[in-house]
Every structure is written in C-alpha cells, then in structure tokens.
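As structure tokens, the structure follows; a few thoughts come after it.
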Amino acid sequence: MNNAGCIQLNIDEAINKYSDLVYKLAYCRTKNKYDAEDIFQDVFLQLVKYQLTFTGEEHLKAWLIKVTINCCNKYFLSLKNRPYELIPEDLVYLTPEESEVYQAVLSLQKKYRTVIHLFYYEELTIKQISDVLGKKEGTIKSLLSRGRNLLKMKLLDGFSEESDIHVRKI
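The sequence shown begins at 1 in the UniProt record's numbering and counts up by one.
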C-alpha cells in the first residue's frame, strides 16, 4: 500500500487470487467454458492494459466482477443465437450434490443466476452486489429470494421457470 492508501497492483498475484472468481462468474453467465476462458483473458488483459490503482482488495475484486459482467454483456450482444454447452465436463466440484445445485443455478435466467452466484459462490454482500450491478439493494434481495425459490422448486420437483406458476413466500 502506498501513501495515498492505494495498493500496489501485482498482476500475477491478482490473477492467482481472482482467477477462479472471474472464470466461474464468466462461466455462470455464458454457460460455455470456451467463452468463459475468452472472457477471463479479456478481463485480465484490461487489468494489465489500464494499470489502474485500487484503494484496496475489495476495490480490485469489485472492479474485476464489474468488468467480467461487462465483458459477458458484450459477448451476448455480439454472439446471439450461438449454441451453448450446458453441462461442463471440466468444472469440478467437491460433491455430486454441489454439481447438481450448480447445474440448477446455471439453468436459471441470467438475472437470478448472476446474483445467486455472486452471493453464494463469491460470498459478496447484498450491498456489494448492489454496487457492482448498479441496482438497488431491495432489487438484489428480491432477485435472491425469487432465485432461491426457483432453485428450490427445480431441485425438489423439476420446476420449469418458464411456466406460469408464481412462487409466493408463506
């Protein structure tokens, strides 16, 4: 950390520390390992190219998440109607249950998938997710709640989120 309270950025350390976060978030959004790898490269190339200064590790992490989401959005704009690889062969989790849950997360609409991933897999707070996505905290809470309900129904009885069934909290 220098006198202005900014951290000295070591690219190798940043890649080692945040590679899983960037790759898994990109995969969560694209559902394709090759596209996630391309986005991973783009994100870290931007980090190298712009040589930004960050006020702390949380600032760097938030920047990486935001850039990853932006790169994914560019990907969706430029590659419409491209087939997706739905089941990853090399995305390894500790247990079959974890893999089944993550596959259910991947089957959600992007708006739910992103907040669920950031909250549970990247352990961001609702406030941090709100800041990164540029949405109100109440919106993030609603998306998390609806996403959880959809996941619960998918995992318990094969619920399809495209149906007209609305989930209400009792």
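Virtual Cβ for every residue (Gly too), placed ideally from N, Cα, C.
Is the beta carbon of residue i less than 9 Å from the beta carbon of residue j?
i: K154; j: S78; result: no
i: V132; j: A36; result: no
i: S130; j: E137; result: yes
i: Y18; j: L60; result: yes
i: T30; j: Y102; result: no
Going by C-alpha distance, which of the options is nearest residue i?
i: L64; options: T139, Q128, D157, S142; result: Q128
i: D157; options: A104, N10, D20, K31; result: A104
i: K111; options: L47, N32, S142, D20; result: S142
i: Y50; options: I126, E58, L9; result: L9
i: L124; options: S99, I39, E100, E58; result: E58
i: N73; options: V48, E100, I39, E13; result: I39
i: L151; options: Y120, T139, I126, G134; result: Y120
Once the 5 residues before and after residue i are set aside, which same chain residues still bring their CB inside 6 Å of it?
i: I170; result: At I170 the pLDDT is 32, less than 50, meaning the model places this residue with poor confidence; the figure from the coordinates comes in the next sentence. Result list for I170: empty, nothing under 6 Å.
Among residues of its own chain, excluding the 5 on either side of residue i, which ones have a beta-carbon nearer than 8 Å to its beta-carbon?
i: V43; result: V22, A26, L64, V67, T68, C71
i: I126; result: F119, E137, I140, K141, L144
Can you tell me whether residue i is buried or exposed, with buried defined as 16 or more other CB within 10 angstroms of its CB?
i: H166; result: A caution first: H166 carries a pLDDT of 45, below 50, which makes its placement in the model unreliable, though a value can still be read off. H166 comes out exposed.
i: I11; result: exposed
i: N32; result: buried
Once the 5 residues before and after residue i are set aside, which same chain residues still bring their CB inside 7 Å of it?
i: I15; result: F44
i: V48; result: I11
Requested in this report: Mind the definition here: the segment 139 to 151 touches the segment 114 to 131 only if three or more C-beta pairs lie below 8 Å; say whether that holds.
Outcome: yes
Query raised in the report: Are the segment 51 to 58 and the segment 25 to 38 touching by the rule of at least three beta carbon pairs closer than 8 Å?
Result: Fewer than three beta-carbon pairs drawn from the segment 51 to 58 and the segment 25 to 38 are found closer than 8 Å, and the two stretches are therefore not classed as touching.
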